[in-house]
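In our numbering, the protein residues as written are 1 to 399.
See the structure below:
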């Protein structure tokens with residue numbers, strides 16, 4: 001596969017903030033593009049994100065070498081990109097630009113082989129995967145923290161939906177919960193309209209950080225979905241960690257205090273089963289302590305692990321987590337993302353492929369989830385721009 005041109009366009013993400021679309025023009029004059037999302041809550045070790053103007057300058061550093069060069073696989077293209085930018089955080093070209101080239105190139109190669117992207121990636125990287133079951137859907141129905149303008153410190157209150165029986169019906173059930181939640185919040189808050197957070201979840205004020213869990217569990221049980229849905233939290237504790245203490249609900253808390261709060265949450269909410277980033281990304285001892293005290297809970301790393309194969313492996317070996325978030329733009333190429341997935345798999349971690357808070361129309365993460373046989377996908381509430389991911393799930397898993 002050879003390319004005869006590369007273009008970068010400035011587009012807007014779901015927060016109306018500038019991001020990039022990268023397009024590669026093949027020798028037979030076909031365009032293959034990738035739109036790159038961005039996160040607001042970022043781990044310290046994520047790949048760098050360049051502004052569209054800075055990416056256009058990076059374009060000149062890679063264009064001459066890329067044009068006309070033959071690539072036989074995604075791995076070959078990514079090796080070229082990683083040789084061109086050999087910095088750990090992609091600080092020469094920008095992690096977002098590199099990922100755009102990687103995804104656009106993979107799409108072009110898949111088209112050359114007349115395959116869906118997920119089939120092409122599975123053949124190249126996951127030949128051993130024969131999993132056809134659809135993944136759990138982690139859907140953020142109440143937004144707080146960095147994703148909303150309300151009084152919640154915890155960033156995401158997730159309804160986790162089982163999809164094995166009927167994917168389309170599962171998504172309909174999720175929409176039913178979302179609509180019922182909206183009606184409940186309007187009624188209790190005497191509101192005509194509800195504010196929405198970055199990922200489509202409701203972002204009203206609550207009495208405390210525990211109240212949303214009670215409301216969600218009540219609705220799930222009332223609607224008879226308790227055998228089909230669970231609850232999860234993306235705490236994003238980096239955002240309320242300050243100089244060796246955590247500030248949650250207006251109180252200064254030690255890591256031990258926070259462990260006890262999580263234990264209390266789990267004892268009171270029967271449907272609660274997962275916690276993502278429950279502590280700051282450097283608070284390894286707190287992660288380890290929580291895993292020991294709550295061995296049956298799914299403890300997920302995101303800011304802790306940043307889709308980095310080495311960090312994922314180390315976190316698993318230290319007993320910090322038993323699940324991991326995979327976000328391609330945290331690391332910068334498809335190949336590195338897949339190495340991260342394989343590091344998770346080899347350490348028996350649950351793999352959850354995730355969107356970002358500033359999303360685009362691109363559905364690459366759903367193709368990746370299908371290719372690797374992901375345990376879950378985290379794709380926001382079933383509204384607005386997030387619906388594209390839900391639609392792609394149905395298209396490639398159910399049809």
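C-beta atoms are modelled at their ideal positions from N, C-alpha and C, and glycine is treated no differently.
With residue i and residue j assumed to form a contact (beta carbons below 8 Å), what rounded beta-carbon distance in angstroms separates them?
i           : j           : result
residue 300 : residue 325 : 6 Å
residue 103 : residue 34  : 4 Å
residue 279 : residue 316 : Actually they do not touch by this definition, with Cβ atoms about 16 Å apart.
residue 350 : residue 323 : 4 Å
residue 231 : residue 213 : 6 Å
residue 78  : residue 334 : 6 Å
residue 249 : residue 153 : 6 Å
residue 312 : residue 343 : 5 Å
Straight-line CA distance for residue i to residue j?
i           : j           : result
residue 61  : residue 93  : 8 Å
residue 166 : residue 53  : 45 Å
residue 76  : residue 55  : 22 Å
residue 204 : residue 113 : 49 Å
residue 119 : residue 187 : 47 Å
residue 359 : residue 37  : 5 Å
residue 149 : residue 198 : 10 Å
residue 16  : residue 361 : 13 Å
residue 130 : residue 373 : 8 Å
residue 384 : residue 298 : 29 Å
residue 182 : residue 24  : 42 Å
residue 155 : residue 368 : 25 Å
residue 330 : residue 309 : 11 Å
residue 220 : residue 196 : 21 Å
residue 390 : residue 126 : 23 Å
residue 192 : residue 224 : 27 Å
residue 27  : residue 277 : 45 Å
residue 398 : residue 147 : 31 Å
residue 202 : residue 258 : 25 Å
residue 111 : residue 320 : 40 Å
residue 264 : residue 210 : 10 Å
residue 177 : residue 371 : 29 Å
residue 207 : residue 272 : 19 Å
residue 244 : residue 303 : 17 Å
residue 247 : residue 281 : 15 Å
residue 84  : residue 295 : 43 Å
residue 4   : residue 72  : 15 Å
residue 134 : residue 339 : 22 Å
residue 29  : residue 63  : 17 Å
residue 105 : residue 7   : 12 Å
residue 275 : residue 234 : 6 Å
residue 140 : residue 355 : 11 Å
residue 159 : residue 394 : 18 Å
residue 215 : residue 157 : 11 Å
Within 10 angstroms of the Cβ of residue i, are there 16 or more other Cβ atoms? Answer buried if so, exposed if not.
i           : result
residue 218 : exposed
residue 88  : exposed
residue 332 : buried
residue 382 : buried
residue 11  : exposed
residue 107 : buried
residue 348 : exposed
residue 226 : exposed
residue 306 : buried
residue 327 : buried
residue 121 : buried
residue 44  : exposed
residue 376 : buried
residue 222 : exposed
residue 378 : buried
residue 81  : buried
residue 292 : exposed
residue 345 : buried
residue 189 : exposed
residue 68  : exposed
residue 46  : buried
residue 179 : exposed
residue 254 : exposed
Is there a C-beta anywhere in chain D that falls below 8 Å from the one on residue i?
i          : result
residue 84 : In the structure shown, chain D does not exist; there is a single protein chain.
With which residues is residue i paired in a DSSP beta bridge?
i           : result
residue 351 : 324
residue 202 : 142, 196
residue 242 : 245
residue 234 : 156, 276
residue 301 : 324
residue 20  : 10
residue 3   : 26
residue 49  : In the DSSP output, where bridge partners are listed per residue, residue 49 has none listed.
residue 34  : 22
residue 358 : 38
residue 62  : None, per the DSSP bridge assignment.
residue 376 : 136, 352
residue 229 : 161
Notebook entry, point to check: At which residue ranges does the segment 77 to 164 contain complete alpha helix (DSSP H) runs of 4 or more residues, listed in the order of the chain?
Noted result: 95 to 112, 117 to 125
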